[in-house]
Amino acid sequence: MAFLNFEYPMVGYHFLVLFEIFPQTPVDVRFREVTGLSVSMLTESVKEGGENRFEHKLPTRSSYSDVTLKRGLFNTALLTEWCRQAIENYDFKPVNVLITLQDENHVPVFGWYLINAFPVKWEVTGLHAEQSQIAVETLTLSYNYFKIISPISLAAGIAGSFSASVSL
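Sequential numbering from 23 applies to the sequence shown in my numbering.
Here is the structure:
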């Protein structure tokens, strides 16, 4: 991960998507859009006897939304074959996916590591004879959870492991 930047927010147009699938072709990492990177905390309400002004809200578990990836349609993409095997043959092989924002030098500066992702939807845009548009495929992935990767989280992890290894 790159250095800490306190001056400008990160740009959302320079990113890379890597699947832990082998082999891969160069087109397997080329996406034009990534949406749905979201997590929300589910809660449980607990009523306290004698307290009628409010209910206590307690966190129960995290819920992660599906991630949608869009790119131009290629006939050489092995990633599409992975999706086809899951959809046509019900042969699901979950893989981890790394999505990283990159700086102007193509160095990752922030990222999301999706655990056990698998395809739940594959779609191709409409085909129009009167329009000169690129055919776009849309891939929707479900996954267990994601880990956020940032310079601060990496530094905290290193500091935590260092302090845990030091004992007096």
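Even glycine gets a Cβ: it sits at the ideal position worked out from N, Cα and C.
{"Asked": "Could you check the C-alpha separation between VAL89 and HIS128 for me, to the nearest Å?", "Found": "23 Å"}
{"Asked": "Give me the Cβ distance between LEU64 and ARG52, rounded to the nearest whole Å; I'm assuming they're in contact under 8 Å.", "Found": "With a Cβ gap of about 35 Å, LEU64 and ARG52 do not count as contacting."}
{"Asked": "Name the DSSP bridge partner or partners of THR57?", "Found": "THR90"}
{"Asked": "Residues in its own chain within less than 8 Å of VAL158 by CB, not counting five upstream and five downstream?", "Found": "ARG54, LYS92, ARG93, GLY94, LEU95, VAL146 and THR147"}
{"Asked": "Does DSSP put VAL49 in a helix, in a strand, or in coil?", "Found": "helix"}
{"Asked": "Can you list, in chain order, the residues of its chain whose CB lies under 8 Å from that of ASP113, leaving out five sequence neighbours each side?", "Found": "GLN107"}
{"Asked": "Let me make sure I understand the geometry here. Which of ILE170, GLU73 and LEU59 has the alpha-carbon closest to that of THR162?", "Found": "LEU59"}
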